[in-house]
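Presented below is the structure to which this report refers.
In the numbering used here, the protein residues as written are 18 to 492.
Below, the structure written as structure tokens:
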């Protein structure tokens, strides 16, 4: 369940009271893991996988009501788009900003703030966002040369930008504080938070702007090669993501410091970590930036073993869930299993009405992910003959609830997998309009779905708990 999709009275989910209530409800349901999407600042297309930073969070997640309780906001805060079933990101930003500015003016820095503010990534991000605003939110490679190359040349006197820079630092401090409080509350209830780290970072990001030596770029900051995947289940022309390709040769010489910092930070923020597009640690699809589609590219081997050896030497207890989906060569699974990382199995990709493969124990099973149709919609759009075959298989193996979605959820819970993740949209039997993302497409309605109230979920909590108990997944 993405944080953004939670009910809230200000048009988007936040780290406020509704998130705490959600934790209470999933605790009642006997669930012990809450998986979320990346919390980083949303970039192109409002995608959490095109963030402006690998470390910062998006100020959209700040709870205005908690700031009000703290006394940082004195003004009355009205409701805004409370009942809207889709997130209007631009409108919500415009609504929240005056209140966030008011909170900033009323804030008095303390020792905890001073310690938090003394981080290099935060300095980079605050300056980056300040320069973006000055340059009408254009990509950094379109800025005046002095701003574009400030991390390299350091010629700009930043004093004249102090107020905006400190405002950006304040936002990140509030986000960090509200998130850590929410996470601690969840942990105290026996619930772990599974975060998500994108494999690539966005070109228009503080990461690339401040540390461009880690990427294949021209002198003026344009990518020579970009990331994506070749034609697949989702797209006949492949997916041309546009993220810059890593300069793995430099990274290796630098002892993978860019990756070590990212992984170390995400480890502090979450209890469990899912790494998106894991296959790229083995081989990645390299596309010339001039190519209009992802069809013309080639697979290049990545130094995955060297990177993970370095990571585990620094943190031997670091475990990840590897997003190892798609048409993979066997070496991807060899890499995954070498480090005993958990892999993923998505029921929508693997359900065979003639008989299902046995689940491996060291695995995470999903009915679907943020890139899939809700299971209810997926089933309804199958040919009639295939639907009948699915129902026959489920009935033969002991599943005969009144709905296909309930059967698939119970089947997933009954698997041998270490973990089972059920999307909220599947628990609620929602249809196509609740799909979070259609890979290979950008813009509306991707990433816009949100729940307006918990009533439907509340009614299902007893049944969810019964299903979890039936699968013997409650200690």
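Virtual Cβ for every residue (Gly too), placed ideally from N, Cα, C.
Give me the Cβ distance between residue i and residue j, rounded to the nearest whole Å; I'm assuming they're in contact under 8 Å.
i, j, result
"residue 109", "residue 77", "6 Å"
"residue 209", "residue 280", "The pair is not a contact, with the Cβ atoms about 18 Å apart (cut-off 8 Å)."
"residue 391", "residue 341", "So it is not a contact: roughly 23 Å between Cβ atoms."
"residue 438", "residue 136", "Their Cβ separation, rounded to whole angstroms, is 31 Å, which puts residue 438 and residue 136 out of contact at 8 Å."
"residue 69", "residue 311", "Contact flag wrong, Cβ pair sits at about 23 Å."
"residue 18", "residue 436", "That belief does not hold up - the Cβ atoms of residue 18 and residue 436 are roughly 15 Å apart, past 8 Å."
"residue 185", "residue 147", "6 Å"
"residue 112", "residue 89", "Residue 112 to residue 89, Cβ: 17 Å. No contact."
"residue 182", "residue 175", "7 Å"
"residue 333", "residue 214", "19 Å between Cβ atoms; not a contact."
"residue 107", "residue 156", "With 8 Å as the limit, residue 107 and residue 156 do not qualify as a contact, their Cβ atoms being about 18 Å apart."
"residue 362", "residue 300", "Their Cβ separation, rounded to whole angstroms, is 21 Å, which puts residue 362 and residue 300 out of contact at 8 Å."
"residue 411", "residue 488", "So it is not a contact: roughly 15 Å between Cβ atoms."
Could you tell me whether the Cβ atoms of residue i and residue j are closer together than 7 Å?
i, j, result
"residue 298", "residue 321", "yes"
"residue 446", "residue 422", "yes"
"residue 283", "residue 219", "no"
"residue 244", "residue 217", "yes"
"residue 493", "residue 32", "Missing from the structure shown is residue 493; the chain here goes from 18 to 492 and no further."
"residue 226", "residue 145", "yes"
"residue 58", "residue 75", "yes"
"residue 433", "residue 378", "yes"
"residue 457", "residue 256", "yes"
"residue 292", "residue 339", "yes"
"residue 306", "residue 241", "yes"
"residue 44", "residue 206", "yes"
"residue 478", "residue 46", "yes"
"residue 246", "residue 316", "no"
"residue 203", "residue 40", "yes"
"residue 426", "residue 364", "no"
"residue 455", "residue 387", "no"
"residue 20", "residue 28", "no"
"residue 232", "residue 261", "yes"
Can you tell me whether residue i is helix, strand or coil according to DSSP?
i, result
"residue 459", "coil"
"residue 211", "strand"
"residue 464", "coil"
"residue 363", "strand"
"residue 292", "strand"
"residue 100", "coil"
"residue 67", "coil"
"residue 427", "helix"
"residue 111", "helix"
"residue 182", "helix"
"residue 232", "strand"
"residue 51", "strand"
"residue 304", "strand"
"residue 136", "coil"
"residue 263", "strand"
"residue 438", "strand"
"residue 321", "helix"
"residue 346", "coil"
"residue 72", "coil"
"residue 196", "helix"
"residue 243", "strand"
"residue 314", "strand"
"residue 445", "coil"
"residue 218", "coil"
"residue 279", "helix"
"residue 383", "strand"
"residue 473", "helix"
"residue 488", "coil"
CA-CA distance, residue i and residue j?
i, j, result
"residue 259", "residue 318", "19 Å"
"residue 133", "residue 286", "14 Å"
"residue 230", "residue 264", "7 Å"
"residue 37", "residue 152", "38 Å"
"residue 103", "residue 448", "14 Å"
"residue 324", "residue 250", "29 Å"
"residue 191", "residue 201", "15 Å"
"residue 309", "residue 254", "10 Å"
"residue 142", "residue 419", "51 Å"
"residue 460", "residue 154", "18 Å"
"residue 359", "residue 389", "20 Å"
"residue 274", "residue 398", "46 Å"
"residue 304", "residue 328", "28 Å"
"residue 336", "residue 357", "8 Å"
"residue 238", "residue 158", "5 Å"
"residue 463", "residue 60", "13 Å"
"residue 173", "residue 166", "10 Å"
"residue 480", "residue 490", "14 Å"
Pairs of beta-carbons, one from the stretch 88 to 102 and one from the stretch 467 to 477, closer than 8 Å: are there three or more?
yes
**Message:** Would the stretch 87 to 95 count as touching the stretch 40 to 56 if we require 3 or more Cβ pairs under 8 Å?
**Reply:** no
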